[in-house]
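Residues -20 to -1, 1 to 292 in mature numbering (1 follows the signal peptide of the UniProt record, and there is no 0) are what the sequence shown lists, from first letter to last. Note that the Cβ used here is the ideal one computed from N, Cα and C, for glycine as well. Small disclaimer: the values here were computed from a predicted structure and weren't measured. For reference, the structure discussed in these notes is given below.
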Amino acid sequence: MAVRLGGFLFVAVFLSTVDASRPAINQELSNLFNELWRLDVNRLKPGIDYTISVQGRAGFMNQGSHSVLDHASLPLFSNVNENKLRNTTTFSCFMKLLDNYERSTGITERVTPEELTEINLFLDAVLETQVMKRAHQYLVSKEKSSSDSRQFKNQLNLIWFHLYHRQRNTGPDSCGFEHVFVGETKSGTEIIGFHNWVQFYLQEKNSHLDYKGYKARDQDLPDQDDHVLNLQFSWHGVMKPVGSAFIGTSPEFEMALFTIIFLMNRERSTTVLVNIDQCQMELVVIRQGRCLGTAYPKLLSSNSRHVGVNSH
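Dropping the structure here:
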């Protein structure tokens, strides 16, 4: 039997080797993150609070290239309920932080008293949400955070807002929040970070950003209600070959997910495979000492297409 099925066995071993390169589903974090998903009452709803147009699939582009064929003649966001953004405390506080940073790495960041106040108000607002309260509870149970909310706030402040050197021979020029939620440019030729949908929308609205199309496999094309997208875009004339972002989610939801992964692991780079709502994704977190270097979702499958495949 082994001889007759030798070809089949070879294929099976080969496929299992391919699958082995991807981490196993983290069921504990999948369960927790789905709980946070249900608690995320500030999340905007597709087709109601915002509308996106995914359009065409973006082509291959080298890092550092200044031009690419545009596969999306229209903006990604055709409509966003800005009243809801302005009237939701965490979104409102979040948006006030977006203009606090130098876009280019290598330029020393200077934090004003007004900006420190904005950071404090944002963290206070986030800590009042059920999403972050549940995240805090989980981290306390794992002995990764103090049960004291003031100490937890200081922990979040260190992880996300403490300034550090991303480029050598300069003053502190970056922090986790700037990199992940605002975005940066490096040497004027490369976009680094920039994984937030609100910043994407606002930059697109102000004609600083041009969406070029989505990135996905043939069997898993994106829909207008997908809550994670892999996409290509230019920002102030600089190209990003492929980026990724949650769509519609609140800042507290994203901060909670990435903070949990950051604190639950000590490796410089951590990739966690999770199922959240109808999506399967990898969540990547890279450390910069005691601070966050970068964090982003990488969509693998949406609309529960992965369920049938993974159930065998």
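- Message: Just to confirm before moving on: does the CB-CB distance between residue 154 and residue 146 stay below 7 Å?
- Response: A Cβ-Cβ contact shorter than 7 Å links residue 154 with residue 146.
- Pick out whichever of 272, 38 and 237 has its Cα sitting closest to the Cα of residue 138. With respect to the C-alpha of residue 138, the residue from 272, 38 and 237 having the closest C-alpha is 272.
- Message: I'd like to check one pair, residue 227 with residue 177: are the Cβ atoms closer than 7 Å?
- Response: Yes, they are a contact pair.
- Do you know how far the Cα of residue 189 is from the Cα of residue 99? For residue 99 and residue 189, the distance between alpha carbons rounds to 25 Å.
- Message: Ignoring anything shorter than 3 residues, give me the beta strand (DSSP E) runs that lie fully in the stretch 39 to 85, in order along the chain.
- Response: Along the stretch 39 to 85, the beta strand (DSSP E) occurs as fully enclosed runs of 3 or more residues at 57 to 60, listed in sequence order.
- Query: So, is residue 246 buried or exposed, given that buried needs 16 or more other C-beta atoms within 10 angstroms?
  - Reply: Per the 10 Å Cβ criterion, exposed.
- Item | Integer Cβ distance of residue 173 from residue 164, believed to fall under 8 Å | Here residue 173 really is in contact with residue 164; their C-beta atoms are around 5 Å apart, less than 8 Å.
- Message: Within 8 Å, do at least three Cβ pairs link the stretch 93 to 107 to the stretch 204 to 211?
- Response: No, they do not touch.
- Task: Would you check if the distance between the CB atom of residue 266 and the CB atom of residue 252 is smaller than 7 Å?
- Result: No, these two residues do not count as a Cβ contact at 7 Å.
- Query: Three-state secondary structure (DSSP) at residue 187?
  - Reply: Annotated three-state conformation of residue 187 is coil, per DSSP.
- Query: With 16 as the cutoff for other CB atoms within 10 Å, does residue 46 come out buried or exposed?
  - Reply: Counting the other Cβ atoms within 10 Å of the Cβ of residue 46 gives fewer than 16, which makes it exposed.
- Which runs of the beta strand (DSSP E) spanning at least 3 residues fall entirely within the stretch 103 to 191, listed in chain order? Qualifying beta strand (DSSP E) stretches, in chain order: 164 to 166 and 170 to 172.
- Short check: CB of residue 229 to CB of residue 23, under 7 Å? In this structure, residue 229 places its C-beta atom within 7 Å of the C-beta atom of residue 23.
- Classification of residue -7 by the beta-carbon crowding that lies within 10 angstroms, buried from 16 upward: Only weak support exists for where residue -7 lies, its pLDDT of 37 falling under 50; the coordinates are left without a value.
- Under a three-way DSSP split, which group does residue 257 fall into? In this structure, DSSP gives residue 257 a state outside helix and strand, which the three-state scheme calls coil.
- Task: To the nearest angstrom, report how far apart residue 194 and residue 179 are at their CA atoms.
- Result: If you take the alpha carbons of residue 194 and residue 179, they lie about 17 Å apart.
- Count the other CB atoms, across all protein chains shown, that sit within 10 Å of the CB of residue 238; report buried if there are 16 or more and exposed otherwise. With 16 or more other Cβ atoms within 10 Å, it is buried.
- Item | residue 313 to residue 65 span [Cα, whole Å] | This structure cannot settle anything about residue 313, because the visible part of the chain is limited to -20 through 292.
- Message: Between 38, 15, 29 and 26, which has its C-alpha nearest residue 201's C-alpha?
- Response: The option with the nearest alpha carbon to residue 201 is 38.
- Neighbour-count burial assignment, residue 40, 16 or more Cβ in a 10 Å radius: Within 10 angstroms of the beta-carbon of residue 40 lie fewer than 16 other beta-carbons, which makes it exposed.
- residue 68 to residue 108, Cα distance in whole Å? Rounded to whole angstroms, the separation of the alpha carbons of residue 108 and residue 68 is 12 Å.
- Would you mind sorting residue 232 into buried or exposed? The rule is 16 or more other CB atoms within 10 Å of its CB. Looking at its Cβ environment, which holds 16 or more other Cβ atoms inside 10 Å, residue 232 is buried.
- Query: Is the Cβ-Cβ distance between residue 152 and residue 82 less than 7 Å?
  - Reply: No; because the gap between Cβ atoms is not below 7 Å, this pair is not in contact.
- Item | Candidates 259, 282 and 234, of which the one nearest residue 275 by Cα | Measuring from the Cα of residue 275, the nearest candidate turns out to be 234.
- Closest to residue 13 by CA distance: which of 269, 34, 181 and 259 is it? Ranking the options by Cα distance to residue 13, first place goes to 259.
- Taking just the CA atoms, how far does residue 159 sit from residue 270? Rounded to whole angstroms, residue 270 to residue 159 spans 15 Å at the Cα level.
- Could you name the residues of the same chain whose beta carbon sits closer than 7 Å to that of residue 279, not counting the 5 residues immediately before and after it, in chain order? Cβ contact annotation for residue 279 (same chain, cutoff 7 Å, sequence separation greater than five): 208, 209, 210, 224, 259 and 261, in chain order.
- Message: Am I right that residue 282 and residue 206 are in contact with their C-beta atoms under 8 Å? What's the rounded C-beta distance?
- Response: A Cβ-Cβ distance of about 5 Å is found for the pair residue 282 and residue 206, placing them in contact under the 8 Å criterion.
- Query: What first and last residue would you give for the alpha helix (DSSP H) that runs through residue 280?
  - Reply: Counting along the chain, residue 280 falls outside any alpha helix (DSSP H), though it belongs to the beta strand (DSSP E) covering 271 to 281.
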